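Presented below is the structure to which this report refers.
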Amino acid sequence: MSTSEVSTPEDSRHLYPPRRGGWRGHKDLVSGIAVFGLICILPWVPLLGWTSIFDTSNNYGLGNLAFVFAYAAAAIGFNLLVGYSGALGLSHAGLFGLGAYGTAILTSPKECLDPACDPIVRVATSGYDWPFLVALPIVCVAAAAIGIIVGFPAARLKGFFLAIATLALGELIITIIRLDEDVWSGLKSNGGTGKQVPLFLLPGFDRTQSAYAVAAASMFLCFIGYVILTERRLGRTLKAVRDVEIATGPIGISATYYKLVAFGLSAFAAALAGAAWAQNSAFVNPSAFRTRLLVFLLVVLIVGGLGRLWGPLIGAAFFVYLRQELQDTQKLLFLVLGIALMLAVLILPNGIASIPDRIRQTRWADDLRRRFRSGALNND
Amino acid sequence: MNQLLQQIVAGLESGSSYGLIGLAIVVVMKATDVPNFAMAEMGLVVAYFSWWLSSPDDGLGWPFWLSMLIAVVAAAAFGAASQFFLIRPLTGLSNQPLAFLVAVGFAAALAAQFHTRGLPRFVDWLPGLGGGYPWVVAVLMGLITAPLWYVAIRRLVKPLARVDHFPLLLLTIGLTYALGSLIENLWGATPQRFEAPWSGKTFDIGDTRVGWDQVVSIIAGLAIALGLAVFFRSRWGVRMRAIAEDGPTARMLGINAGAVSLIAWAIGTTIAGSAMILTTSSTVLQLGSAEGLILKGFIAAVLGGFVSLPGTFIGGIIVGVAEALAGGQIDTSLQPIVALLVVVVVLLVRPGGLTRQAKLREV
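Heads up: the sequence lines are chains A and B, in that order.
As numbered in the working numbering, residues 431 to 810 make up the first sequence, in order.
As numbered in the working numbering, residues 20 to 382 make up the second sequence, in order.
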């Protein structure tokens, strides 16, 4: 066998390679379930003792990991939209806030109608008293509907014009939430710190463990949904819409329809992540969901790896680690985040998750592979 | 009636700063095709710098007009430097300046880290490595790493394969937050009063009270917009338009695209700096000043279709006046929503902007 045949991987012949048969076709799914299993047992295995930030033996580390999962879940939805369909929808911060606020308001106790009630308590508790597990899917479906409405400009606008329109719409969502701050978000009740979120407690778990479980489950749902949807028709169609939109019409694919589907799914993920985030942070404040949150999500996605399966999780871990490490010097956080985003765009356009691929593509790795293969053949 | 007039004047004032930020964005966009999200933040850096020069209490206390002159020159240099270091490598020109900057910056940051905190937490349990080092040792340790960063940037930063706004938008978003943090580290987070000769003085027209800062903002905004229109008829302005309209052909005719790009960034930053100086001197100088303004600037630019200069400036004025009137006449809570609604409606109904022009850009 000559060495020249080795250098072309099978996949590169196809623009969108078909799924391989057998379990290898479901490699992403299998590895995802394995990692989720690891996440489930982490609280009992203090494996991550090398840094106190992700030390799972105490509540601080668990809370940080729950934030990692919440950001990762949001970024997975973002990844489906930006990485797969190529539509630059930047309304994610608003939809994340919608999930956080929606669940907080729906699950809060009903307004205290007794005139003897303290007015401060009355504002703080004006909610609908729904169970969390009922409120969560309803809020997520509502967010998906709003995401589809936000996505309508996508049918007409391209690239960065779409980015501006969706940025404005995301800001609009937050502004509308802010407008009602006296009515039901209870901003003023806690000295301006925000609305208190009623916590959802799993039986036998304390508050941090429950938040961890909710965040991990949300991320798992987003991850599995992402894998299943992208390895089927939807993923390849979205890629086709992104790369050769002009060719999709003549073969009977409605680009608009698929873009709207991507917008709806990503909005669902964003709201789910927002709800999980609110469970972990216990307070929600509309100003937390403005452009800054968008920058966080962009750092998570871009530094992690745009269009890569593991990008969001890696990026979220990177971001939360950095945020906690720089907690004493808050002033430096945005400097470091900004520089990280710029460097990622400049030197690693596909993020940390693409580093193995980039190493694999170097001449050095090619050489090594060739030498290994020929050596193996000689031994036969 | 006089309340209405007051609201219109206030709307014109804020509208003229929206228009100026929009103009800065459009100038950069036309000449270099970069959607610069950092424009207002760059302007805010200039505003802080001029405040620091002129403030007698917290700064150097130099005469106001001298400070303004220095600030304008510094703004031009700052804009040109941003283009030179950050944007040039992505357009296919040399990435050497960026590599040099990153190497020096990282070496310095690492030296500071070694001095104050020692090695990172996960290795400092190694014997003899914990704790801070004296400056000489720390700087030497930082310098040892410099060639590594230099080579990494030189080898890894590649020009963009095709014209794509997304990486450039991300790059400038990163720049925005890095600059914001830089301001906080240099000048602190407390809001400051920026005293200009026109701050806080008022006069009456009939029974309407008008602030001099409002008059100065509106007139200066108009003057800058007109000056820009005149500039685009000059030699360099024509070159810039040629590059914007058909880059490759203009290059073949011998126009130096790199120089045009540098000049566009210098002009854009100067305009953004003036806009931020005008707004912050009539309100308050604080870290969040740029965050709201950049979105309004983009909205003004959308109204101008990202090509038309008069369209952009008038678009900014329209947004400002509409905001003030909706806030004053209908309901205060409407004020933040108006601009956002305007941009969505305009993008859906007239994606090419308000003015009728040859279609240069695919929306």
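All C-beta atoms, glycine included, are put in the ideal place defined by N, C-alpha and C.
Small disclaimer: the values here were computed from a predicted structure and weren't measured.
Own chain partners of residue i with C-beta closer than 8 Å, once the 5 adjacent residues on each side are dropped
| i | result |
| --- | --- |
| residue 789 of chain A | 795 |
| residue 574 of chain A | 694, 695, 697, 698, 701 |
| residue 566 of chain A | 533, 702, 705 |
| residue 123 of chain B | 165 |
| residue 247 of chain B | 42, 46, 286, 290, 328 |
7 Å Cβ shell around residue i - same chain, five flanking residues per side excluded
| i | result |
| --- | --- |
| residue 494 of chain A | 483, 484, 750, 754 |
| residue 26 of chain B | 343, 344, 347 |
| residue 506 of chain A | 652, 653, 656, 699, 742 |
| residue 202 of chain B | 63, 64, 67, 306 |
Beta-ladder partner(s) of residue i, from DSSP
| i | result |
| --- | --- |
| residue 304 of chain B | B:211 |
| residue 222 of chain B | B:229 |
| residue 714 of chain A | A:625 |
Residue i at chain B interface by Cβ criterion, 7 Å
| i | result |
| --- | --- |
| residue 595 of chain A | yes |
| residue 675 of chain A | no |
| residue 605 of chain A | yes |
| residue 484 of chain A | no |
| residue 598 of chain A | yes |
| residue 669 of chain A | no |
| residue 497 of chain A | no |
| residue 776 of chain A | yes |
Beta-carbon proximity of residue i to residue j, cut-off 7 Å
| i | j | result |
| --- | --- | --- |
| residue 521 of chain A | residue 564 of chain A | no |
| residue 496 of chain A | residue 708 of chain A | no |
| residue 50 of chain B | residue 283 of chain B | yes |
| residue 104 of chain B | residue 120 of chain B | yes |
| residue 359 of chain B | residue 723 of chain A | no |
| residue 335 of chain B | residue 41 of chain B | yes |
| residue 274 of chain B | residue 291 of chain B | no |
| residue 99 of chain B | residue 281 of chain B | yes |
| residue 184 of chain B | residue 589 of chain A | yes |
| residue 762 of chain A | residue 756 of chain A | yes |
| residue 176 of chain B | residue 776 of chain A | yes |
| residue 592 of chain A | residue 196 of chain B | no |
| residue 224 of chain B | residue 35 of chain B | no |
| residue 232 of chain B | residue 218 of chain B | yes |
| residue 582 of chain A | residue 731 of chain A | no |
| residue 332 of chain B | residue 38 of chain B | yes |
| residue 133 of chain B | residue 171 of chain B | no |
| residue 646 of chain A | residue 499 of chain A | yes |
| residue 24 of chain B | residue 227 of chain B | yes |
| residue 746 of chain A | residue 502 of chain A | yes |
Start-to-end residues for the alpha helix (DSSP H) that takes in residue i
| i | result |
| --- | --- |
| residue 704 of chain A | 685-711 |
| residue 678 of chain A | 675-678 |
| residue 469 of chain A | 457-471 |
| residue 587 of chain A | Run containing residue 587 of chain A: none; DSSP gives neither H nor E here. |
| residue 492 of chain A | 489-508 |
| residue 331 of chain B | 328-344 |
| residue 21 of chain B | 21-51 |
| residue 204 of chain B | 184-206 |
Chain A within 7 Å of residue i, Cβ atoms only
| i | result |
| --- | --- |
| residue 210 of chain B | no |
| residue 123 of chain B | no |
| residue 204 of chain B | yes |
| residue 382 of chain B | Since pLDDT at residue 382 of chain B reaches only 44, below the 50 mark, its modelled position is unreliable, and the value read off the structure follows with that caveat. Yes, because at least one Cβ of chain A sits closer than 7 Å to the Cβ of residue 382 of chain B. |
| residue 103 of chain B | no |
| residue 196 of chain B | yes |
| residue 193 of chain B | yes |
| residue 200 of chain B | yes |
| residue 54 of chain B | yes |
| residue 247 of chain B | no |
| residue 129 of chain B | no |
| residue 119 of chain B | no |
| residue 362 of chain B | yes |
| residue 176 of chain B | yes |
| residue 356 of chain B | yes |
Own chain, CB closer than 6 Å to residue i, minus 5 neighbours either side, in chain order
| i | result |
| --- | --- |
| residue 108 of chain B | 114, 117, 176 |
| residue 341 of chain B | 357 |
| residue 536 of chain A | 558, 560, 565 |
| residue 213 of chain B | 70, 299, 300, 304 |
| residue 798 of chain A | none |
| residue 198 of chain B | 60, 64 |
Residue i CB to nearest heavy atom of the ligand MN below 6 Å
| i | result |
| --- | --- |
| residue 333 of chain B | By its list of ligands, the structure shown contains no ligand whatsoever, and the ligand MN lies outside what it can speak to. |
- Task: Give the residues from the stretch 567-589 of chain A that approach chain E closer than 7 Å (Cβ to any Cβ), ordered along the chain.
- Result: The structure shown contains no chain E; the protein chains it does contain are A and B.
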